[in-house]
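Q: Note that the numbering used here numbers the sequence shown so that position 177 is 706, with each residue one more than the last.
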Amino acid sequence: RTKTRDLGPSFDAPDAYQRINWQAAAAAAQAEAAAHAALLADQQLAQNVQSQPCQPGLAAPLVYAKLMHFTLKNKIFSFGDATIKGPGELPFFKVLRVDGILLSGLLRNCQFSLGTLANQPLLFLQEEFEMFTYRYSIYRTTPTGEQMLVASIVRKIMASMLSLTDQYDIQLPSSPGHAVTCTGSWPNNFVLQQSGPSGVFAAATVTKKVLAWSDTYDVAVAPGMDVLLYLGIATAIDRIHHEVEERHRRN
């Protein structure tokens, strides 16, 4: 009498492949959910920056430990309110027209504010365009509601006339020992370099996106840099650049 060996449960190849596919799909879904949760955490940090601890009379910088990409559109200020999108195409900030509605005499002529999605102001951008003077002053709102001048951007008249690209002087009154300079040509491969005790490095870069319906720029802010400061500088330069082009067309 021939004995048979028990080889255990049969191996059904289609069922095994289905289990493998299901496990791979579950792992992919879990990774996607984790990535989305990280994006939402980044977005939430921007909304709660005013609640971050800081020294009295100052405002906490918005800093990330990774490279952050934001989307700006050309003439972002020309047609009223706008939204600045961040990683994952999530809305991060609102840009609002505030002409003539500020109570502060200091900011009486301020035209735009950059704030949270709940319309909490974070930055005020005050422009001064007279004859050949193109100046932007950027104020940071402190948790107590005071306005602190954090940057002044001026287009250099003579240097711009002698150069193929616009030249800007950027001052950081609230950051002694630090300076910001520009290299490249707006808006293609435009670099904002920050110098200080730790050396000179690219703090933010601006690159025009291709295949976009309108002029759209990617603003990449380096790890450890204040996102609000460099978004403010980038949007101010975009506004000055637009105004210079308009005056050239009119003349």
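Don't be surprised by glycine CBs; every beta carbon is placed ideally from N, CA and C. None of these values were measured; they are calculated from a predicted model.
#1: Classify residue 544 as buried or exposed, calling it buried when 16 or more other Cβ atoms lie within 10 Å of its own Cβ.
#2: Pick out whichever of 585, 601, 578 has its Cα sitting closest to the Cα of residue 593.
#3: Write down the C-beta distance between residue 665 and residue 654 rounded to the nearest angstrom, noting that I regard them as a contact closer than 8 Å.
#4: Tell me the rounded alpha-carbon separation between residue 631 and residue 642.
#5: How big is the Cα-Cα spacing for residue 645 and residue 547?
#6: Should the region 747-754 be called in touch with the region 732-739, which here means at least 3 C-beta pairs below 8 Å?
#7: With distances taken from CA atoms, which of 600, 559, 710 is nearest residue 736?
#8: Going by DSSP in three states, residue 570 sits in which element: helix, strand or coil?
#9: For residue 681, tell me which candidate among 717, 568, 709 has the shortest Cα-Cα distance.
#10: In terms of alpha-carbon separation, which member of 624, 695, 705, 659 lies closest to residue 711?
#11: If you count every other CB in all the chains shown that lies within 10 Å of the CB of residue 760, and 16 or more means buried, which is it?
#12: Checking the sheet assignment: what are the DSSP bridge partners for residue 697?
#13: From what residue to what residue does the beta strand (DSSP E) around residue 708 run?
#14: Grouping DSSP H, G and I as helix and E and B as strand, with all else coil, what is residue 616?
#15: Report the rounded CA-to-CA distance for residue 605 versus residue 582, giving the unit in angstroms.
#16: Tell me the rounded alpha-carbon separation between residue 746 and residue 549.
#17: Return helix, strand or coil for residue 720, following the three-state DSSP convention.
A: If we stick to the structure as given:
#1: exposed
#2: 578
#3: 6 Å
#4: Summary for residue 631: the model assigns pLDDT 44, below 50, so the residue's position carries little reliability; its value from the coordinates is reported in the next sentence. Distance between the alpha carbons of residue 631 and residue 642: 11 Å.
#5: 46 Å
#6: yes
#7: 600
#8: helix
#9: 709
#10: 695
#11: buried
#12: 684
#13: 708-714
#14: helix
#15: Unreliable positioning characterises residue 605 in this predicted model, as indicated by a pLDDT of 49, which lies under 50. A coordinate reading is not provided.
#16: 42 Å
#17: strand
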